[in-house]
Amino acid sequence: MNRHDRSAGLAAGAAALVSSYAGVGAADHLTIVRSDLTADGHVAVDAIRTAARRLGVRVTDVVQAGTDPRRVLADSDAVLIAADNESPWRGPIVSALADGVRCRVLRMFGTSTALVANGLRMDQTTMARLNANVLETMRSSSVINVTSSSGTDLTIRPLANGTWASSCGHFDGRRPAVLPPGEVNTYTPHVDGVLVADGAVNTSFGFPGSAVLDERPIHVTIANGVVVDAACSDRIVSMVLRDFFEVPNADRVGEVGFGTNIGLRAFIPKLCHLNERWPGIHLGLGSPTQLVDWSCPLHLDLIPADVQIVADGQPVFSNGRYHGLRDCDPEESRIDLHVDAV
Ligand SMILES: [Fe+2]
């Protein structure tokens, strides 16, 4: 991709964020709050500010320190909190929204030019519809089989009364929408087989070097939702895994996630939610994303690159695309991930 394509992609993603996800247009007021950004994150935010102004949006660009969150929310039609890892103003935002403040709030984690250029190719409506259909298909299945040419062979049985979450960048009026969008997930202890994570990792605790795993896949064997064997040819990654599994409950599968961001073209080296939005499946080891009767302080997402998914004998995902899904109204399955969900 040349420099012109990259900047065109960044401008397109920035415009989609403003008009589709933040839902603001001419004469509206968007406040962008810069949190713990990298230099590249600031470039991404500059592109969003430019896109908004081109659309006639009034933009206020603030740094978090010393700013009163309640006043910002009361003065804005939408607020974008652009962050790397932090989640500032959690309490004040939730209480202001509960008090009836009418302002759309979005949190973007791992803010980068790659995220804005690649993670927002699907508009929010398309994303919401796909998530609803994936969620309904998986939730209503008794058994889900996941395979890959690199050796993944998993059997997953969703809980009949299990809870599910959908991350589609939808703002529900109560909690901030989360960007980048694109996954549905659940918890079930009924996960068995082998996962070969040859795509990427995401973690809640950092990771040495690139998050991309293509040259050094992680193999895990799982029985009844517990990792019984884990291996990686890379010594450093093996050390990370060894330490990780020392933590109580880190060997339990806390999340079965289905990535739905079909605009993604490649994994990115930066440790970021974007990689777990990759179309297909990922398993989160450790801290569950649903309310269950156990907990773990750490979360490690393992993401395979290219899988096939069969739900109750019907192929529903291959060649990076979902197909043959049950049709479901997005209004019925709009449950955004909690703000700090990984
Ligand atoms: Fe996930």
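Quick note on numbering: the sequence shown equals residues 5 to 346 in my numbering.
We treat Cβ as the ideally placed atom computed from N, Cα and C, and that holds for glycine.
CB contact below 7 Å: residue i versus chain C
i, result
"residue 49", "The chain labelled as chain C is not found in the depicted structure, where only one protein chain is given."
DSSP three-state assignment for residue i, whether helix, strand or coil
i, result
"residue 418", "Lying outside 5 to 346, the shown extent of the chain, residue 418 is not represented and no answer is given."
"residue 128", "helix"
"residue 322", "strand"
"residue 20", "helix"
"residue 75", "helix"
"residue 174", "coil"
"residue 58", "helix"
"residue 189", "strand"
"residue 272", "coil"
"residue 350", "The chain is shown only over 5 to 346; residue 350 falls outside these bounds and no answer can be derived."
Whether residue i touches residue j by CB criterion (7 Å)
i, j, result
"residue 207", "residue 259", "no"
"residue 282", "residue 263", "yes"
"residue 305", "residue 288", "yes"
"residue 201", "residue 308", "yes"
"residue 19", "residue 55", "yes"
"residue 128", "residue 60", "no"
"residue 39", "residue 92", "yes"
"residue 141", "residue 320", "yes"
"residue 17", "residue 120", "yes"
"residue 166", "residue 130", "no"
"residue 45", "residue 116", "yes"
"residue 272", "residue 118", "yes"
Nearest-angstrom Cα separation, counted from residue j out to residue i
i, j, result
"residue 15", "residue 47", "11 Å"
"residue 138", "residue 222", "26 Å"
"residue 80", "residue 97", "13 Å"
"residue 252", "residue 299", "9 Å"
"residue 326", "residue 255", "29 Å"
"residue 132", "residue 24", "12 Å"
"residue 149", "residue 160", "6 Å"
"residue 342", "residue 295", "Low confidence applies here, because residue 342 scores a pLDDT of 48, under 50, leaving its location unreliable; read the following figure in that light. Each residue's Cα considered, the two are about 11 Å apart."
"residue 87", "residue 125", "20 Å"
"residue 193", "residue 324", "26 Å"
"residue 247", "residue 8", "43 Å"
"residue 75", "residue 217", "44 Å"
"residue 99", "residue 232", "43 Å"
"residue 241", "residue 250", "14 Å"
"residue 311", "residue 334", "25 Å"
Counterpart residues of residue i in DSSP-defined beta bridges
i, result
"residue 206", "305"
"residue 256", "230"
"residue 90", "DSSP lists no partner for residue 90."
"residue 34", "63 and 82"
"residue 235", "223"
Beta strand (DSSP E) segment containing residue i, residue limits
i, result
"residue 223", "222–227"
"residue 66", "62–67"
"residue 108", "108–112"
"residue 265", "Taken as a continuous stretch (DSSP letters only), residue 265 belongs to no beta strand (DSSP E), as it is neither H nor E."
"residue 183", "181–183"
"residue 278", "Not the beta strand (DSSP E): residue 278 falls in the alpha helix (DSSP H), residues 277–280."
For residue i, the first and last residue of its enclosing alpha helix (DSSP H)
i, result
"residue 151", "Segment 148–151 is the beta strand (DSSP E) holding residue 151; no alpha helix (DSSP H) there."
"residue 290", "Segment 284–290 is the beta strand (DSSP E) holding residue 290; no alpha helix (DSSP H) there."
"residue 122", "117–122"
"residue 244", "239–250"
Residues near ligand 3, criterion Cβ-heavy atom distance below 7 Å: This structure lacks ligand 3; the ligands present are ligand 1.
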